[in-house]
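Participant: This is the structure, below, for whatever I ask next.
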Amino acid sequence: MKFITKNLKWIFILGLSSAAALVWYAVFSESRSGLLVAFLNVGQGDAILIDTPNDQQILIDGGPNKQVLAELSKIMPFYDRSIDVVIATHPDQDHISGLPEVLKRYNVDLVIEPGVESDTAVFKAFEKLIEEKNIKKVLARRGMKLVLGDNAYMLILFPVGNVAGWDTNDASIIAKLVYGKTSYLFTGDSPQKIEKYLVSVEKENLDVDVLKAGHHGSKTSSSESFIGYASPEYAIISAGKNNRYGHPRKEVLDILGKFGAKILRTDESGTIKIKSDGENIAVIQ
Amino acid sequence: MNRAVVALLLGFSGGVLMRSFYDFGWNFALLFIFLGLILVGIFYIFKFQKFVFFSALFFFAFGLGILRYDFKETRNAELENKIGQKISFQGVIIDEPDEKENYTRLVVEAEEVSSQGRDAIISERIEDLDKSGETKIKILVVNRRYPIFRYGDRVEIFGKLGQPEKFSDFDWPAYLAKEDIYFEMAYPQIKLISSDGGFWLKRQLFGIKEKFIANLSAVIPEPNAGYLAGLTVGAKQAMPKSLLEDFRKTGVIHIVVLSGYNVTIAAYAIMKILGFLPQIVGISLGIFGIMLFALLTGASATVVRASIMASLALLARATGRIHQITVALLAAGFLMILHNPKILRFDASFQLSFLATIALIYISPRVENKLSFIPKKFNLREIAGATLSTQIFILPFLLYKMGLFSAVALAVNLLILIFVPATMFFGFASGIAGFISQILSIPLGWIAYAFSAYELWVVDIFSKLPFASFNISISFWLMILIYAGYIAVLYKFPEENIY
Chain A
603 MKFITKNLKW
613 IFILGLSSAA
623 ALVWYAVFSE
633 SRSGLLVAFL
643 NVGQGDAILI
653 DTPNDQQILI
663 DGGPNKQVLA
673 ELSKIMPFYD
683 RSIDVVIATH
693 PDQDHISGLP
703 EVLKRYNVDL
713 VIEPGVESDT
723 AVFKAFEKLI
733 EEKNIKKVLA
743 RRGMKLVLGD
753 NAYMLILFPV
763 GNVAGWDTND
773 ASIIAKLVYG
783 KTSYLFTGDS
793 PQKIEKYLVS
803 VEKENLDVDV
813 LKAGHHGSKT
823 SSSESFIGYA
833 SPEYAIISAG
843 KNNRYGHPRK
853 EVLDILGKFG
863 AKILRTDESG
873 TIKIKSDGEN
883 IAVIQ
Chain B
-10 MNRAVVALLL
0 GFSGGVLMRS
10 FYDFGWNFAL
20 LFIFLGLILV
30 GIFYIFKFQK
40 FVFFSALFFF
50 AFGLGILRYD
60 FKETRNAELE
70 NKIGQKISFQ
80 GVIIDEPDEK
90 ENYTRLVVEA
100 EEVSSQGRDA
110 IISERIEDLD
120 KSGETKIKIL
130 VVNRRYPIFR
140 YGDRVEIFGK
150 LGQPEKFSDF
160 DWPAYLAKED
170 IYFEMAYPQI
180 KLISSDGGFW
190 LKRQLFGIKE
200 KFIANLSAVI
210 PEPNAGYLAG
220 LTVGAKQAMP
230 KSLLEDFRKT
240 GVIHIVVLSG
250 YNVTIAAYAI
260 MKILGFLPQI
270 VGISLGIFGI
280 MLFALLTGAS
290 ATVVRASIMA
300 SLALLARATG
310 RIHQITVALL
320 AAGFLMILHN
330 PKILRFDASF
340 QLSFLATIAL
350 IYISPRVENK
360 LSFIPKKFNL
370 REIAGATLST
380 QIFILPFLLY
390 KMGLFSAVAL
400 AVNLLILIFV
410 PATMFFGFAS
420 GIAGFISQIL
430 SIPLGWIAYA
440 FSAYELWVVD
450 IFSKLPFASF
460 NISISFWLMI
470 LIYAGYIAVL
480 YKFPEENIY
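Here the protein sequences come in this chain order: A and B.
According to the working numbering, the first sequence is numbered sequentially starting from 603.
According to the working numbering, the second sequence is numbered sequentially starting from -10.
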């Protein structure tokens, strides 16, 4: 108490300077420009954060555990407690286990799901939270477009119709993100047969700059024809270090290499951030 | 200090310790007791030197120590026969679930067990349960993160019964045995029956704690929120494995696991801030803070032990009545070992808090005298003294137990501990304000965030240094030798008027 009265002047100055620092921190972190896509380092699983030019945030999948929370805080400013859209590509453990914790801690406006069920406890917990928190839920269907400002949008390529009762991987949401002349393709765990289908109906939409390789680089995904049409400049593999599935498989790396994609892996480089100004993309360290 | 009491305490602890390493049967214990009695007789008849009398007491207590340990070692033979088989049982979750990164550990106390399979009518009651009413069978259940279970949940479980097994360098069975857990079950089917088991007050406390942590994480991002939860209410969950590893490397893990050390620091800070009030008020509030912490963490045996130690250290520093406090400390240690003899060897938290308390009481004041070059402002000198003395004193133990020497521990502790009281204060304030309104808890949370960001930054920077930690392992006997050396030095150079 005596300490406080004696040093009132200094405490006052300290308070004011921290307030000033906070304001400048906010100004700095809110003046981000362009589009940022971050493939988060969550181990064996997927979690991708998109920060749009209009400062909307989209989270695709939540990884296998709570690790996603710590990774989100590294990118978002500390006071930002909201994520506009959460996309759960399909209800497998390594994609949605982190999402209930995300819903608990962040204000989420919209959840997008493929509409396939799972009887795992984590899926039930996720669905229960969506209900409890009154979050709007939309089932993804081909042709849906999420408009993200003047020059950016997200287009759903899959699923086409009702996928209730399907194998969860088959039902994965496939989405394309476009900003100006740059584009990204997110494929969840889609297997080759779905890739084949897309090659037959969505050829013109498949050519992208950045591809998240399907199913953590498993050889059940990334068929030659699909990679050929996508012909990405960068291929991202989201897998855990020394994972027990042996992801990514050498066959897949070979195919990606064959079509000239530069391969970036979360098990090697941690979180991978790719920035776009609408004209070019750049990997940032 | 009465030497006879010391001989008894040392003998008892020695007996317990020896028995934890070797089991020669209880006849061996009787031999020691007999030896002790004979020596006492010899002492009185032949009027020998006092030394004989003390060794008589020592041997007598040594035998009692072995017996106490034998008595503790009870297993359930009937269930042991079922290891490897599928069983189903009903039980209550009797401890706070321990959330790890990818799974959760539940301690379930079995009430009824059946080996017929899931759908069979639950028939077989465990024999021992009926007879003594005291032997409770605890099973450690490893479950996925979801569904979430809580303390007091009554559950029905079906799965394969297993036994804990040693990891490469960690005696996991012994660690569990100190809590009387001899069985394990990995990823069984679990069905919730009701949520009214356990002790109602504990259920309420854990409920409050859960809400408190939710309040923190609503306004503070991870991993800072998890760190603050560990610091303020000893939350077991929430910190990523890699971060915990960094804490270990830099020698500050003790502030997030329940060593009671952070509580001592915080309680001491409360006392200092309230220094303008009469001393008795300061001490009372300090101890009240410790009790509040113990309650909020669910008052597990570990926390209660650590809190008692912390209170004693606080009293010693405040009153300077070092002899009385020494008696109290030894008595407390003795009672804790009497209550559960296994903690002496297998409970790192007990061992650490006991050693840290000794360091705070005896060594810290001496060290502080040598630190006159550090300013007294913000309690800098005291914190430096406390850090230095505890670090020096627990070092041999850490080398024996973990085999990890942190070269940066001293620097990191100094850089962090100065801010721990303030961090705890704002963390607490934010979490409690959250019960009233989130708007209220935001500004407090941001201040706590700033402190925690600094502390995590320090840990991060230092853990990345190439020479941050080395693997150095010492043997049990070398550790004992070093401690004997410490005691000899303290004994040889008594420092008068250290307070």
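Cβ coordinates follow ideal geometry from the N, Cα and C atoms, glycine included.
Starting from Asn460/B, trace the beta strand (DSSP E) both ways and give me its first and last residue.
Facilitator: Here residue 460/B is taken as the residue at index 471 of the second sequence, counted from 1. For Asn460/B, the enclosing beta strand (DSSP E) covers residues 458 to 460.
Participant: Check for me: the alpha helix (DSSP H) holding Glu173/B runs from which residue to which?
Facilitator: Along the second sequence, read from residue 1 onward, the residue named residue 173/B stands at position 184. Segment 170 to 175 is the beta strand (DSSP E) holding Glu173/B; no alpha helix (DSSP H) there.
Participant: Is Asn329/B near Gly392/B, with beta carbons less than 8 Å apart?
Facilitator: Within the second sequence, the letter at position 340 stands for residue 329/B. Within the second sequence, the letter at position 403 stands for residue 392/B. In this structure, Gly392/B does not lie closer than 8 Å to Asn329/B by Cβ.
Participant: Going along the chain, which residues of its own chain have a beta-carbon closer than 7 Å to the beta-carbon of Val670/A, five neighbours each way excluded?
Facilitator: Taking the first residue of the first sequence as 1, we reach residue 670/A at position 68. The answer, listed in chain order, is Leu642, Val644, Ala649, Gly664, Gly700, Val704.
Participant: Under a Cβ-count criterion, where at least 16 other Cβ atoms within 10 Å of its own Cβ denotes burial, should Asp336/B be classed as buried or exposed?
Facilitator: Position 347 of the second sequence, counted from the first residue, corresponds to residue 336/B. Asp336/B is buried by the Cβ-count criterion.
Participant: Under the three-state reduction of DSSP, which class applies to Met228/B: helix, strand or coil?
Facilitator: In the second sequence, residue 228/B corresponds to position 239, counting from 1. Shown here, Met228/B sits in coil according to DSSP, grouped into three states, outside any helix or strand.
Participant: Under a three-way DSSP split, which group does Phe408/B fall into?
Facilitator: Position 419 of the second sequence, counted from the start, is the residue given in the question as residue 408/B. The answer is coil: DSSP assigns Phe408/B none of H, G, I, E or B.
Participant: When the Cα atoms are used, what is the spatial distance from Leu26/B to Leu301/B?
Facilitator: Here the question's residue 26/B lines up with position 37 in the second sequence. Here the question's residue 301/B lines up with position 312 in the second sequence. Looking at the two C-alpha atoms, the distance is approximately 35 Å.
Participant: What does DSSP give as the partner residues of Ala777/A in its beta bridges?
Facilitator: Translated into the one-based positions of the first sequence, residue 777/A becomes position 175. Per DSSP, Ile758/A, Phe788/A.
Participant: Looking at the C-beta of Thr868/A, does it have a partner C-beta in chain B at a distance below 8 Å?
Facilitator: Along the first sequence, one-based indexing puts residue 868/A at 266. No, no contact with chain B.
Participant: Please classify Asn736/A: does DSSP put it in a helix, a strand, or coil?
Facilitator: Position 134 of the first sequence, counted from the first residue, corresponds to residue 736/A. Correct three-state label for Asn736/A: coil.
Participant: Find the residues of chain A that neighbour Pro136/B, judging by a C-beta separation of less than 9 Å, and give them in chain order.
Facilitator: Taking the second sequence and counting its residues from 1, one reaches residue 136/B at position 147. By Cβ distance, chain A contributes Ala723, Val724, Lys726, Ala727.
Participant: Of all the options Pro177/B, Phe465/B, Val401/B, which has the alpha carbon lying nearest to the alpha carbon of Val448/B?
Facilitator: Position 459 of the second sequence, counted from the first residue, corresponds to residue 448/B. If we check each option's Cα against that of Val448/B, Val401/B comes out closest.
Participant: Between the C-alpha atoms of Val316/B and Ile332/B, what's the straight-line distance to the nearest angstrom?
Facilitator: Position 327 of the second sequence, counted from the first residue, corresponds to residue 316/B. Position 343 of the second sequence, counted from the first residue, corresponds to residue 332/B. C-alpha separation (whole angstroms): 20 Å.
Participant: Output yes if chain A places a C-beta closer than 8 Å to the C-beta of Pro229/B; else output no.
Facilitator: As a working mapping, residue 229/B is identified with position 240 in the second sequence. With 8 Å as the cut-off, Pro229/B counts as an interface residue toward chain A.
Participant: Within 8 Å (strictly less), CB to CB, does Ala437/B reach chain A?
Facilitator: Position 448 of the second sequence, counted from the first residue, corresponds to residue 437/B. For Ala437/B, the answer is no, since every Cβ of chain A falls outside 8 Å of its Cβ.
Participant: Taking DSSP as the reference, what is the three-state secondary structure of Tyr836/A?
Facilitator: Looking up residue 836/A in the first sequence gives position 234. In the structure shown, Tyr836/A sits in a strand (DSSP, three-state: E or B).
Participant: Which one or two residues does DSSP pair with Leu866/A in a beta bridge?
Facilitator: The residue you call residue 866/A lines up with position 264 of the first sequence. Beta-bridge pairing links Leu866/A to Ile838/A.
Participant: Name the DSSP bridge partner or partners of Thr607/A?
Facilitator: Locating residue 607/A in the first sequence gives position 5, counting from the first residue. The partner list for Thr607/A (beta bridge, DSSP) is empty, contrary to what the question assumes.
Participant: Mind listing the chain A neighbours of Asn91/B? Cutoff is C-beta to C-beta under 7 Å, in chain order.
Facilitator: Reading the second sequence from its first residue, position 102 is the one you call residue 91/B. Pro666, Asn667, listed in chain order.
Participant: If you draw a straight line from the C-alpha of Asp772/A to the C-alpha of Gly278/B, how long is it?
Facilitator: Sequence index remark: in the first sequence, residue 772/A carries index 170 (1-based). Sequence index remark: in the second sequence, residue 278/B carries index 289 (1-based). Distance between the alpha carbons of Asp772/A and Gly278/B is about 56 Å.
Participant: Measuring CB atoms only, is the region 779 to 798 of chain A touching the region 816 to 826 of chain A, in the sense that at least three cross pairs come out at less than 8 Å?
Facilitator: Contact holds: three or more Cβ-Cβ distances are below 8 Å.
Participant: Excluding the 5 residues flanking Gly617/A on each side, which residues of the same chain have their C-beta closer than 6 Å to its C-beta?
Facilitator: Taking the first sequence and counting its residues from 1, one reaches residue 617/A at position 15. Taken in chain order, the list of residues that qualify is empty.
Participant: Kindly identify the DSSP beta-bridge partner or partners of Gly151/B.
Facilitator: Stepping through the second sequence from its first residue, residue 151/B is reached at position 162. DSSP lists Glu173/B as partners of Gly151/B.
Participant: Below 6 Å CB to CB, which residues in the same chain sit around Val687/A once its five sequence neighbours on both sides are set aside?
Facilitator: By 1-based counting over the first sequence, the position of residue 687/A is 85. Cβ neighbours of Val687/A beyond the five flanking positions: Ile660, Leu712.
Participant: Which residue marks the beginning of the beta strand (DSSP E) containing Glu371/B, and which one marks its end?
Facilitator: Against the second sequence, residue 371/B aligns to sequence position 382. No beta strand (DSSP E) contains Glu371/B, which is instead part of the alpha helix (DSSP H) from 369 to 390.
Participant: Could you give the distance in angstroms between the alpha-carbon of Ala283/B and the alpha-carbon of Val293/B?
Facilitator: Stepping through the second sequence from its first residue, residue 283/B is reached at position 294. Stepping through the second sequence from its first residue, residue 293/B is reached at position 304. For Ala283/B and Val293/B, the distance between alpha carbons rounds to 6 Å.
Participant: Between Ala672/A and chain B, is there a C-beta pair that is closer than 8 Å?
Facilitator: Taking the first sequence and counting its residues from 1, one reaches residue 672/A at position 70. Yes, because at least one Cβ of chain B sits closer than 8 Å to the Cβ of Ala672/A.
Participant: Sort out for me which residues DSSP pairs Glu100/B with in a bridge.
Facilitator: As a position in the second sequence, residue 100/B is number 111, starting the count at 1. The partner list for Glu100/B (beta bridge, DSSP) is empty, contrary to what the question assumes.
Participant: For chain B, check one thing: does any of its Cβ atoms lie closer than 8 Å to the Cβ of Phe680/A?
Facilitator: For the purposes of this step, residue 680/A is identified with residue 78 of the first sequence, where counting begins at 1. Phe680/A counts as touching chain B.
Participant: By how many angstroms is the C-alpha of His243/B removed from the C-alpha of Leu233/B?
Facilitator: If you number the second sequence from 1, residue 233/B lands on position 244. If you number the second sequence from 1, residue 243/B lands on position 254. Leu233/B and His243/B have their C-alpha atoms some 11 Å from each other.
Participant: First and last residue of the alpha helix (DSSP H) that includes Lys795/A?
Facilitator: If you number the first sequence from 1, residue 795/A lands on position 193. Segment 794 to 803, the alpha helix (DSSP H) holding Lys795/A.
Participant: With distances taken from CA atoms, which of Arg867/A, Tyr836/A, Gly880/A, Glu881/A is nearest Lys860/A?
Facilitator: On the first sequence, position 258 is the one that residue 860/A refers to. Comparing Cα positions, the closest option is Tyr836/A.
Participant: On the DSSP letters alone, give me the boundaries of the beta strand (DSSP E) that Lys242/B sits inside.
Facilitator: For the purposes of this step, residue 242/B is identified with residue 253 of the second sequence, where counting begins at 1. Note that residue 242/B corresponds to Ile in the displayed sequence, not to Lys. Taken as a continuous stretch (DSSP letters only), Ile242/B belongs to no beta strand (DSSP E), as it is neither H nor E.
Participant: Taking CB distances under 8 Å as the criterion, tell me whether Glu211/B reaches chain A.
Facilitator: Here residue 211/B is taken as the residue at index 222 of the second sequence, counted from 1. So yes, Glu211/B belongs to the interface.
Participant: Which first and last residues belong to the beta strand (DSSP E) in which Val688/A is found?
Facilitator: Against the first sequence, residue 688/A aligns to sequence position 86. Taken as a continuous stretch (DSSP letters only), the beta strand (DSSP E) holding Val688/A covers 684 to 689.
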